[in-house]
Each structure stands twice: as C-alpha cells, then as structure tokens.
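Undergrad: Mind looking over this structure? Questions follow.
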Amino acid sequence: QITLKESGPTLVKPTQTLTLTCTFSGFSLTTGGVAVGWIRQPPGKALEWLALIYWDDDQRYSPSLKTRLTITKDTSKNQVVLTMTNMDPVDTATYYCAHSPSGRFFDYWGQGSLVTVSS
Amino acid sequence: DIQVTQSPSSLSASVGERVTITCRASQSISTYLNWYQHKPGKAPKLLIYAASNLQGGVPSRFSGSGSGTDFTLTISSLQPEDFAAYYCQPSYTTPYTFGQGTRLEIK
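One line per chain: the protein sequences are A and B, in this order.
In terms of my numbering, the first sequence opens at residue 1 and continues consecutively.
In terms of my numbering, the second sequence opens at residue 1001 and continues consecutively.
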C-alpha cells in the first residue's frame, strides 16, 4: 500500500525559503522507473506541476520556477524534499507530492499541505 | 513546452447524463495524456492514464480516448459523486503541465 505525506511550515514570510518534505511508504525510490513529483494548487486555481525526481536522481523542473526550486531525495529515509526560495504571496497554495510508476502520471498522492505566504 | 487547452471550463449536468470533456495539445503527444478528478479538500485522483487506460478501482463509466492532439474524457452516466473538477495532463515530455480544469456542477 503506497502512501505519501507532506510536511512543512503552514506559514512563511515573503522572501523566505520554503522546505517541504514528502515522506512515503509502500515503494522504493531505488526501483527503476519510479519517480516522485510535486504539484501545487493556489486557492481557486488549477493544478500546477513543479518538479519531478526519478529513481536515478534525474531531476526535472517547471521552467518558470526552475531558478527557485530544488528537489532532492533521501532513499534511506524514504523522503523527497522540495525547497523553494524567495517565497511570495502568489506562492500561497496547497502543495502535493505524488508517486509515479514511470515518471509520466501520478497514481498516488499525499493529502496536501497548505502553505500561506504572508508577512 | 507542450500546452493543453481544456474545455469546457465549467459544465452543468444532471445525474444520469453523459458528459464529455475535451483536451487539445499544442503538438502531437501520441497517447501521453492523463486525466484526474479533484474534489475540494482531497487529493487529486488518477482516472485515466495513457489516454484510454482505466486506473484500477475507477468505475467503468469513466473512459478516455484520443491520440495525437485531441483527447476526450467521457462519463457515461453521471453519479452524484462525480461532481468535481477534472484535469488533463500531457506527459509526452517534461516539463509537464495541467489543463485549466473543468468544473462539473449539478444542474
């Protein structure tokens, strides 16, 4: 049974760096083809893909956010970490991490973590 | 980057109706297109992957079709639990995007 759970601050100030952790179980990020992605949804808006990390440490990013994002994995802890620098109120959103068996679609999702950016 | 145009943006329908949502890609993506259902306060749910493959546990009233640039998600007979937002996601290559979403409401 695959589960994922996001953790991190619920409130960050503008210009700060956000660090979100996705802790998962039921699969290994050392298995060929497997990936974990991050997706967010600002209030009232559509889903937005942010980043993806593959089993072989290949990392992919949204071009519009690439300079601000870093995705890493710790296979010993079954965790994936997303950092986003220089946070702005427009980054207020629910952030989801999700499992992908192939890197092409997301079949298991975390419950989401609401992050508010405000001074 | 591959963009998708999803339509309609909102749709009102009744229980038992057949509804279709479309997604058009900015270039040919073969069958690399996925569909998700999203309800408020819950995680998105994968419905269809690779254009026409029903994810395990998803009711058979959901179906997907298409290839190249034009894709459809069809719900053959709407049930009360189907009222939600739906998103397409092309997966031909990264960076990925999501469609703008279709909000399916009760008429």
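Glycine included, every Cβ here is placed at the ideal spot set by N, Cα and C.
Note that the structure is predicted; figures quoted are calculated from it, not measured.
Kindly indicate the opening and closing residues of the beta strand (DSSP E) around N1034 of chain B.
TA: Within the second sequence, numbered from 1, the residue matching residue 1034 of chain B stands at position 34. 1033-1038 is the span of the beta strand (DSSP E), which, as asked, contains N1034 of chain B.
Undergrad: Would I1040 of chain B and T1102 of chain B qualify as a contact pair, given that the criterion is a beta-carbon distance under 8 Å?
TA: Residue mapping note: residue 1040 of chain B aligns to position 40 of the second sequence, counting from 1. Residue mapping note: residue 1102 of chain B aligns to position 102 of the second sequence, counting from 1. Residue 1040 of chain B is actually Pro in this sequence, not Ile. No, they are not a contact pair.
Undergrad: Give me, in chain order, the residues of the same chain whose beta-carbon lies closer than 6 Å to that of G33 of chain A; leave out the 5 immediate sequence neighbours on both sides.
TA: What you label residue 33 of chain A is simply residue 33 of the first sequence in a count that begins at 1. So the list reads S102, once near-sequence residues are dropped.
Undergrad: Which bits of chain B does D176 of chain A rub up against, with CB to CB less than 8 Å?
TA: Since the displayed chain A opens at 1 and closes at 119, residue 176 of chain A lies outside it and no answer follows.
Undergrad: Residues of chain A with CB under 8 Å from S1030 of chain B, in chain order?
TA: Mapped onto the second sequence, residue 1030 of chain B falls at position 30. Under the 8 Å cutoff, chain A gives no residues; its nearest Cβ is about 11 Å from S1030 of chain B.
Undergrad: Are the Cβ atoms of S1065 of chain B and S1076 of chain B separated by less than 8 Å?
TA: In the second sequence, the residue the question calls residue 1065 of chain B occupies position 65. In the second sequence, the residue the question calls residue 1076 of chain B occupies position 76. Against a cut-off of 8 Å, the Cβ pair of S1076 of chain B and S1065 of chain B comes out as no contact.
Undergrad: Determine, using beta-carbon pairs with one atom in the segment 14-33 of chain A and one in the segment 95-111 of chain A, whether at least three such pairs fall under 8 Å.
TA: Contact holds: three or more Cβ-Cβ distances are below 8 Å.
Undergrad: Which residues, taken in chain order from the segment 1086-1101 of chain B, show a beta carbon closer than 9 Å to some beta carbon of chain A?
TA: Listed in sequence order: Y1087, Q1089, S1091, Y1092, T1094, P1095, Y1096, T1097, F1098, G1099, Q1100, G1101.
Undergrad: Taking Cβ positions only, does W151 of chain A come closer than 8 Å to chain B?
TA: No statement about residue 151 of chain A is possible, as the shown extent of chain A runs from 1 to 119 and does not include it.
Undergrad: How would you list, in chain order, the residues of chain B whose beta-carbon sits under 7 Å from the beta-carbon of L104 of chain A?
TA: Along the first sequence, read from residue 1 onward, the residue named residue 104 of chain A stands at position 104. Reading off the sequence shown, one finds Arg at residue 104 of chain A, where the question assumed Leu. Result: Y1032, S1091.
Undergrad: Under the assumption that T1097 of chain B contacts L52 of chain A (Cβ atoms under 8 Å), give the Cβ distance between them as a whole number of angstroms.
TA: For this step, residue 1097 of chain B is matched to residue 97 along the second sequence. For this step, residue 52 of chain A is matched to residue 52 along the first sequence. About 13 Å separates the two Cβ atoms, so there is no contact after all.
Undergrad: What residues from chain A crowd round D1070 of chain B, counting only those whose CB sits closer than 9 Å?
TA: Mapped onto the second sequence, residue 1070 of chain B falls at position 70. Those within 9 Å of D1070 of chain B in chain A number zero; the least Cβ separation is about 19 Å.
Undergrad: Which value, in whole angstroms, describes the spacing of the CA atoms of A46 of chain A and R1018 of chain B?
TA: Taking the first residue of the first sequence as 1, we reach residue 46 of chain A at position 46. Taking the first residue of the second sequence as 1, we reach residue 1018 of chain B at position 18. Taking the straight line joining both Cα atoms gives about 24 Å.
Undergrad: If you count every other CB in all the chains shown that lies within 10 Å of the CB of N1034 of chain B, and 16 or more means buried, which is it?
TA: Here residue 1034 of chain B is taken as the residue at index 34 of the second sequence, counted from 1. That one is buried.
Undergrad: Figure out for me which residue from B:D1082, B:G1068, B:Q1089 has the closest Cα to the Cα of V1058 of chain B.
TA: Looking up residue 1058 of chain B in the second sequence gives position 58. Ranking B:D1082, B:G1068, B:Q1089 by Cα distance to V1058 of chain B puts B:D1082 first.
Undergrad: Any beta-carbon of chain B closer than 8 Å to the one on G26 of chain A?
TA: Against the first sequence, residue 26 of chain A aligns to sequence position 26. Cβ-Cβ to chain B under 8 Å: no for G26 of chain A.
Undergrad: What do you get for V117 of chain A, buried or exposed, if any count of 16 or more other CB atoms within 10 angstroms of its CB means buried?
TA: Here residue 117 of chain A is taken as the residue at index 117 of the first sequence, counted from 1. Flag for V117 of chain A reads buried.
Undergrad: Return no unless some Cβ of chain A is closer than 8 Å to the Cβ of D1170 of chain B.
TA: Because chain B spans 1001 through 1107 in this model, residue 1170 of chain B falls outside it and cannot be assessed.
Undergrad: With a threshold of 8 Å between beta-carbons, can L29 of chain A be considered close to chain B, or not?
TA: Translated into the one-based positions of the first sequence, residue 29 of chain A becomes position 29. Closer than 8 Å: no.
Undergrad: Hey, D74 of chain A and M84 of chain A: beta-carbon distance below 8 Å or not?
TA: Start at 1 with the first residue of the first sequence, and residue 74 of chain A comes out as number 74. Start at 1 with the first residue of the first sequence, and residue 84 of chain A comes out as number 84. No, they are not a contact pair.
Undergrad: Could you give the distance in angstroms between the alpha-carbon of F105 of chain A and the alpha-carbon of G1056 of chain B?
TA: For the purposes of this step, residue 105 of chain A is identified with residue 105 of the first sequence, where counting begins at 1. For the purposes of this step, residue 1056 of chain B is identified with residue 56 of the second sequence, where counting begins at 1. Using only the alpha carbons, I get a separation of about 14 Å.
Undergrad: Just mark L1044 of chain B as buried or exposed, buried being the case when its beta carbon has 16 or more other beta carbons within 10 Å.
TA: Position 44 of the second sequence holds residue 1044 of chain B. Correcting the residue type first, residue 1044 of chain B is Pro in the shown sequence and not Leu. Flag for P1044 of chain B reads buried.
Undergrad: In chain order, what residues of the same chain have a beta carbon less than 7 Å from the beta carbon of Q1003 of chain B, not counting five sequence neighbours either side?
TA: Position 3 of the second sequence, counted from the first residue, corresponds to residue 1003 of chain B. Answer for Q1003 of chain B: S1026, T1097, listed in chain order.
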